[in-house]
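Last residue of the sequence shown? That's 241 in our numbering, and every number before it is there in order.
These notes concern the structure reproduced below.
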Amino acid sequence: MSKPLTGRVILVTGASGAIGKESALRLADLGATIILMGRKEEKLNPIYDIIVNRGGAEPAIVTMDFLKVEDLDYYNLAQNLALEFGKLDGIVHAAINLGYLTPLAHTSPEKWHHGLNITLNAPYFLTHAMLPLLDQSDRASVIFFTHDEVAKGDRAYWGSYAIAKAGLETMMKIFALENESEKKIAFNSIDPVCINSALRMSVMPEGAPNPKELRKVIDLVWQLNDPEQPFVTGTTLTVE
């Protein structure tokens, strides 16, 4: 297999989840050095082992709990990554938490902050902290994951998750507009529509009636990280 991403450094959040894990493995197979980020090291270690056993570049492991992290921690992490890698060629924001399906009237302050911190605040602060590192790349890609079906407000009970996803999509577009003239950092989002991941099944045990293939989601992650593809920014790619 050719390795067109050799020498590129990509940070994957939620790296032990369905999308995060498969994104990390695909990008590593293509030569990238992966920074695996998640809450628990014991869940990241098996992914580290798979990458190394496949002959990939040795990954880095970063543990961070988005519900407990302080704002300054993101910037301290950026300084540490700058010392170790000198640049960042991409971020795949795959950390997802569906939270609780409940009416807004029954949403506690804790549950409200829970949804916004993981789905909106963490991607913002992490991206903001990493901008100087992304700027060191000849061409960087930042990928967010949206959920148009709930973000447009047509589904009841999805609460802070849906509201955060709507904000995330707007944030992606603003980042893209503010950086498009230099054509160095692309900001895009992927709408997986729905996959029957363990996370999805935790809130919808019956599963989706027409789930999308995870492989197709990962194909789009690779497409947006391929430096040979035309520069695209400010777009949402929907899994067909």
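Backbone N, C-alpha and C fix where the C-beta goes; we use that ideal spot for every residue, glycine too.
Heavy atom of the ligand SAH less than 8 Å from the Cβ of residue i, yes or no?
| i | result |
| --- | --- |
| A79 | Among the ligands in the structure shown, none appear at all, so the ligand SAH cannot be discussed. |
Write down the C-beta distance between residue i and residue j rounded to the nearest angstrom, noting that I regard them as a contact closer than 8 Å.
| i | j | result |
| --- | --- | --- |
| G15 | A96 | 3 Å |
| Y158 | L99 | Y158 to L99, Cβ: 11 Å. No contact. |
| A187 | S142 | 5 Å |
| I92 | I20 | Not a contact, Cβ separation roughly 13 Å. |
| T234 | A177 | 4 Å |
| M173 | N189 | 7 Å |
| H114 | F146 | So it is not a contact: roughly 20 Å between Cβ atoms. |
I'd like the span of the alpha helix (DSSP H) that includes residue i, first residue to last.
| i | result |
| --- | --- |
| D72 | 72-86 |
| N104 | The question names Asn, but residue 104 in the sequence shown is Pro. Note, P104: premise wrong, no alpha helix (DSSP H); not H, not E. |
| F126 | 123-135 |
How far does the beta strand (DSSP E) with residue i in it reach, from first residue to last?
| i | result |
| --- | --- |
| H94 | 91-94 |
| T64 | 61-64 |
| V143 | 141-146 |
| M2 | That residue, M2, is in no beta strand (DSSP E); it is neither H nor E in DSSP. |
| I219 | Taken as a continuous stretch (DSSP letters only), I219 belongs to no beta strand (DSSP E), being part of the alpha helix (DSSP H) at 215-226. |
| G39 | 34-39 |
Between the Cα of residue i and the Cα atoms of the options, which residue gives the shortest distance?
| i | options | result |
| --- | --- | --- |
| L215 | T236, V240, P228 | V240 |
| L6 | I20, A123, A29 | A29 |
| D218 | H148, L127, N180, R156 | In the sequence as displayed, the identity of residue 218 is Val instead of Asp. Cα-wise, what sits closest to V218 is H148. |
| K44 | V93, L68, I62, E85 | I62 |
| T120 | L135, E59, I164 | I164 |
| S17 | P47, D90, M173 | P47 |
| T237 | L169, M65, L134 | L169 |
| R295 | V13, I36, P231 | Only positions 2 to 241 of the chain appear in this structure, which leaves residue 295 out of reach. |
| N118 | K69, P228, D227 | K69 |
| L135 | R156, L12, A33 | L12 |
| Q137 | D90, P60, P124, R40 | D90 |
| E42 | P60, Y101, P133 | P60 |
| E85 | R40, E183, I175, I35 | I35 |
Is residue i helix, strand or coil by DSSP?
| i | result |
| --- | --- |
| V233 | coil |
| I52 | helix |
| G116 | helix |
| I164 | helix |
| N211 | Residue placement at N211 is poorly supported in this model, since its pLDDT is 47, which falls under 50; the coordinates still yield a value, given next. Note: N211 maps to coil in three-state DSSP. |
| S198 | Because the pLDDT of S198 is 47, which lies under 50, any placement of that residue in the model is unreliable, and the number read from its coordinates should be weighed accordingly. Here S198 sits in coil by DSSP. |
| F188 | strand |
| G15 | coil |
| L238 | strand |
Would you say the stretch 101-111 touches the stretch 46-60, given that touching needs at least three Cβ pairs under 8 Å?
-> In short, these stretches do not touch, since the Cβ pair count stays below three.
Inter-stretch contact at 8 Å, needing at least 3 Cβ pairs: the stretch 220-235 / the stretch 16-36 | Yes, they touch.
Mind the definition here: the stretch 67-78 touches the stretch 128-139 only if three or more C-beta pairs lie below 8 Å; say whether that holds.
-> Flag = yes, the stretch 67-78 and the stretch 128-139 touch.
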